[in-house]
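Asker:
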Amino acid sequence: MSNADAVHTWSSLEEQVDALVHVTLSLLDNKQEYVVVTTSTLEGNDWSSSVRLLAFDPSTGHIDHIHAFRLPTTAGALTWHAASSLLVVGGDDGDLYFLTFDCTLMKWTRVLPPHADSIGHDDLITSVDASTSTFASGSWDLAVKLWDVEALALTETLQGHCDKVWAVQWQPQSTSVLASASQDRTVRLWDVRTPSQATTTTVLSTPYATLSLTWQPHNDHGITAGLEDGSIYTFDMRSPHAPSSILANQHAGCVYGVKYNDEGTSLASYGDDAAVHLYSVETDKVAQLPRYSYTMHTDYVRGFAWLGQAKWAVSSSFDKSVHFWQL
Numbered sequence: 001m002s003n004a005d006a007v008h009t010w011s012s013l014e015e016q017v018d019a020l021v022h023v024t025l026s027l028l029d030n031k032q033e034y035v036v037v038t039t040s041t042l043e044g045n046d047w048s049s050s051v052r053l054l055a056f057d058p059s060t061g062h063i064d065h066i067h068a069f070r071l072p073t074t075a076g077a078l079t080w081h082a083a084s085s086l087l088v089v090g091g092d093d094g095d096l097y098f099l100t101f102d103c104t105l106m107k108w109t110r111v112l113p114p115h116a117d118s119i120g121h122d123d124l125i126t127s128v129d130a131s132t133s134t135f136a137s138g139s140w141d142l143a144v145k146l147w148d149v150e151a152l153a154l155t156e157t158l159q160g161h162c163d164k165v166w167a168v169q170w171q172p173q174s175t176s177v178l179a180s181a182s183q184d185r186t187v188r189l190w191d192v193r194t195p196s197q198a199t200t201t202t203v204l205s206t207p208y209a210t211l212s213l214t215w216q217p218h219n220d221h222g223i224t225a226g227l228e229d230g231s232i233y234t235f236d237m238r239s240p241h242a243p244s245s246i247l248a249n250q251h252a253g254c255v256y257g258v259k260y261n262d263e264g265t266s267l268a269s270y271g272d273d274a275a276v277h278l279y280s281v282e283t284d285k286v287a288q289l290p291r292y293s294y295t296m297h298t299d300y301v302r303g304f305a306w307l308g309q310a311k312w313a314v315s316s317s318f319d320k321s322v323h324f325w326q327l
């Protein structure tokens, strides 16, 4: 299947759409789904971007652009810390930006950390992810950094990769296990129970650069990686020396993102071939062929989220659009 039952599209008109994250805003209409996207032009001397909040009503298909906040840099990394309603944005300038949404004024407000000059990396930030009390960031500067959510302050820098870090993700069942993926063809698992003494517990090897990661939601041993050659590897941490599953050449280009639904019954992958593939998952095993392929984008897909208990999906693309599609 290659066409969704229903597709609703929002266009940025002039700007490519980069990162995307699903957010929860309890003070607003709970019948709607809310997503945040970043958009940018990447033309001339303008390297700024907008952080945009979109509201989608599944019952009508209506999409509402609520508010945009302009940043001085392009931004390709987003994460939402639900407990504090804090949006963390990783900038291409190496800086981290923090935003909250004022549901009374209906606009974004920037939160400035106490030591703003020390919040960031020495190169482009590729990925950010939040746990209960800590968020992590990965960068082309080869480092993974840990930050305290309340203080918005650096707690530790993790060194070990020898090339660009593309993705970081916390294990869902633990606040002390972090995975990072790199151009150096490895996935590293970090034990960060004591940040100042964080250590690599496992190194997973892949034949090509690993650009994306996702943990299996209800299996603390399973992690899936998207590779530069278009393949998808799944590893079982109990036998980490070889992948438990290989889906070869699923995309005609890089697998920029992989993401399980909350139930762990479906896996999504998306990438440079403008496609999103959905795979069935049974007893933690990913099907060898996609059960569904969404091919209505015309340029790189850079973001994806499951919506409405996985009855809808949303994807963002360099084709200057965000698509909400029914499954």
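Residue numbers for the sequence shown follow full-length UniProt numbering, so the first one is 1 and each next one is one higher.
The beta-carbon is built from N, C-alpha and C at its ideal position, and this holds for glycine as well.
Here the structure is a predicted model, which is why all the values come from computation and not from measurement.
Report the three-state DSSP secondary structure of Q173 (helix, strand or coil).
Answerer: Coil at Q173, not helix or strand.
Asker: Could you compute how far the alpha carbon of I66 sits from the alpha carbon of A82?
Answerer: So the alpha carbons of these two residues sit roughly 19 Å apart.
Asker: Mind the definition here: the segment 237 to 245 touches the segment 257 to 272 only if three or more C-beta pairs lie below 8 Å; say whether that holds.
Answerer: Judged by Cβ distances under 8 Å, the segment 237 to 245 makes no contact with the segment 257 to 272, as fewer than three pairs qualify.
Asker: Whose CA, out of S85, S40, S48, lies closest to the CA of C103?
Answerer: For the residues S85, S40, S48, the minimum Cα distance to C103 belongs to S85.
Asker: Given a threshold of 16 other Cβ atoms within 10 Å of its Cβ, counted over all protein chains shown, does A252 qualify as buried or as exposed?
Answerer: A252 should be labelled exposed.
Asker: When you compare the segment 190 to 210 with the segment 157 to 170, are there three or more beta-carbon pairs, one atom per stretch, that lie closer than 8 Å?
Answerer: Verdict: yes, contact present.
Asker: If you follow the beta strand (DSSP E) that A55 is part of, which residue opens it and which one closes it?
Answerer: Run containing A55: 49 to 57, per the beta strand (DSSP E) assignment.
Asker: Less than 7 Å between C-beta atoms, sequence neighbours within five positions excluded: which residues of the same chain meet that for A198?
Answerer: Result list for A198: E156, L158, W190, D191, V192, in chain order.
Asker: Can you tell me the Cβ-Cβ gap for T74 and S49, rounded? I've got them flagged as a contact below 8 Å.
Answerer: That pair is a contact at about 5 Å.
Asker: To the nearest angstrom, report how far apart L124 and T295 are at their CA atoms.
Answerer: Each residue's alpha carbon lies about 29 Å from the other.
Asker: Is R302 buried or exposed, if buried means 16 or more other CB atoms sit within 10 Å of its CB?
Answerer: Its Cβ being crowded by 16 or more others within 10 Å, R302 is buried.
Asker: Closest to A77 by C-alpha separation, out of S316, L152, T283, would be which residue?
Answerer: When each option's Cα is compared against that of A77, the closest is S316.
Asker: How about F235 and I223: do their beta carbons lie closer than 7 Å?
Answerer: It is a contact, given that the beta carbons lie within the stated cut-off.
Asker: Assign S12 to one of three DSSP states: helix, strand, or coil.
Answerer: Here S12 sits in coil by DSSP.
Asker: Suppose you measure from the CA of T79 to the CA of T38; what does that come to, to the nearest Å?
Answerer: The alpha-carbon atoms of T79 and T38 are separated by roughly 12 Å.
Asker: Name the DSSP beta bridge partners of A136, please?
Answerer: Looking at the DSSP assignment, A136 forms a beta bridge with D129, L146.
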